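Asks:
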Amino acid sequence: MVIKLDKDLVQQIEDICETRRVRLTPQRKRVFELICANKKASSAYELLDDLKKTEPQAKPPTVYRALDFLIEQGFIHKVESTNSFISCCSCNADKHHSHLLICDSCSNVIELQDDNLVSLLAKNAEKHGFEISNHVIESHGICQTCSSNVENKI
Ligand SMILES: [Zn+2]
Ligand SMILES: [Zn+2]
Numbered sequence: 105m106v107i108k109l110d111k112d113l114v115q116q117i118e119d120i121c122e123t124r125r126v127r128l129t130p131q132r133k134r135v136f137e138l139i140c141a142n143k144k145a146s147s148a149y150e151l152l153d154d155l156k157k158t159e160p161q162a163k164p165p166t167v168y169r170a171l172d173f174l175i176e177q178g179f180i181h182k183v184e185s186t187n188s189f190i191s192c193c194s195c196n197a198d199k200h201h202s203h204l205l206i207c208d209s210c211s212n213v214i215e216l217q218d219d220n221l222v223s224l225l226a227k228n229a230e231k232h233g234f235e236i237s238n239h240v241i242e243s244h245g246i247c248q249t250c251s252s253n254v255e256n257k258i
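Following our numbering from start to finish, the sequence shown increments by one per residue and tops out at 258.
#1: So what does Val213 bridge to, in DSSP terms?
#2: Look at the alpha carbon of Ser146 and the alpha carbon of Leu174, and state the distance between them as a whole number of angstroms.
#3: Thinking C-beta only, is Val183 closer than 8 Å to Leu204?
#4: Which two residues bound the contiguous beta strand (DSSP E) that contains Lys182?
#5: At a threshold of 7 Å, does Cys140 count as lining ligand 1 (C-beta to nearest heavy atom)?
#6: Measuring alpha carbon to alpha carbon, tell me which residue in Cys210, Glu230, Glu176, Gln217 is nearest Val126.
#7: Could you give the C-beta distance for Ile236 and Asp208, rounded to a whole number, given that I count them as a contact under 8 Å?
#8: Excluding sequence positions up to five away, which residues of its chain have a Cβ less than 6 Å from the Cβ of Val106?
#9: Is it right to say Thr166 is buried, meaning 16 or more other beta carbons lie within 10 angstroms of its own, or is it exposed?
#10: Do Glu215 and ligand 3 come close, with the Cβ less than 7 Å from some heavy atom?
#11: Tell me where the beta strand (DSSP E) around Phe189 begins and ends.
#12: Helix, strand or coil for Ser237 per DSSP?
#13: Leu155 and Arg134 - do their beta-carbons sit closer together than 8 Å?
#14: First and last residue of the alpha helix (DSSP H) that includes Ala145?
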């Protein structure tokens with residue numbers, strides 16, 4: 105597989121890391137590039153396999169440490185229900201909760217950000233005296249591409 109890099113996005117996170125004075129090691133950068141290059145959500149093992157092509161000595165902890173860093177910096181999101189990872193659609197944004205639409209047919213993931221949804225959830229929780237510290241909002245279904253493919257076949 106030839107990996108096409110999104111140079112702008114990588115440049116963007118390089119700049120952010122410099123501003124935040126955190127280290128974007130070559131491995132962290134490579135893992136980010138691999139996640140961006142994959143249209144679908146990537147699992148840690150897929151990432152390890154791809155990483156090994158350029159860094160044969162890479163081990164699972166190498167990937168997990170890189171993923172932890174990228175999540176902490178808000179550059180990627182973890183898709184909890186499929187245990188995989190996607191790049192964030194707004195890497196330069198502050199910490200945010202996103203609503204993920206996950207296609208069960210092709211594993212494509214769409215990230216939506218809706219502050220109204222998040223504040224509605226917070227308000228509902230408040231009625232029970234509950235303070236939310238973290239959300240996982242994931243919806244499963246069929247994406248537009250896959251549903252139009254099915255229609256074409258009929
Ligand atoms: Zn995001
Ligand atoms: Zn799909």
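Every residue gets a Cβ at the ideal spot worked out from N, C-alpha and C, and that includes glycine. None of these values were measured; they are calculated from a predicted model.
Replies: In short:
#1: Note: Val213 is bridge-paired with Ile206 in the DSSP secondary-structure output.
#2: Rounded to whole angstroms, the separation of the alpha carbons of Leu174 and Ser146 is 14 Å.
#3: The answer is yes: Cβ separation under 8 Å.
#4: For Lys182, the enclosing beta strand (DSSP E) starts and ends at 180 to 183.
#5: No, since every heavy atom of ligand 1 falls outside the 7 Å radius drawn around the Cβ of Cys140.
#6: Taking only the C-alpha atoms, the option nearest Val126 is Glu176.
#7: Their Cβ separation, rounded to whole angstroms, is 27 Å, which puts Ile236 and Asp208 out of contact at 8 Å.
#8: Residue placement at Val106 is poorly supported in this model, since its pLDDT is 44, which falls under 50; the coordinates are not used for a value here.
#9: So Thr166 ends up on the buried side.
#10: You won't find ligand 3 in this model; what it holds is ligand 1 and ligand 2.
#11: Residue range 188 to 191 is occupied by the beta strand (DSSP E) that includes Phe189.
#12: Ser237: coil per DSSP, three-state reduction.
#13: The Cβ atoms of Arg134 and Leu155 sit closer than 8 Å to each other.
#14: Unbroken run through Ala145: none, as it is neither H nor E.
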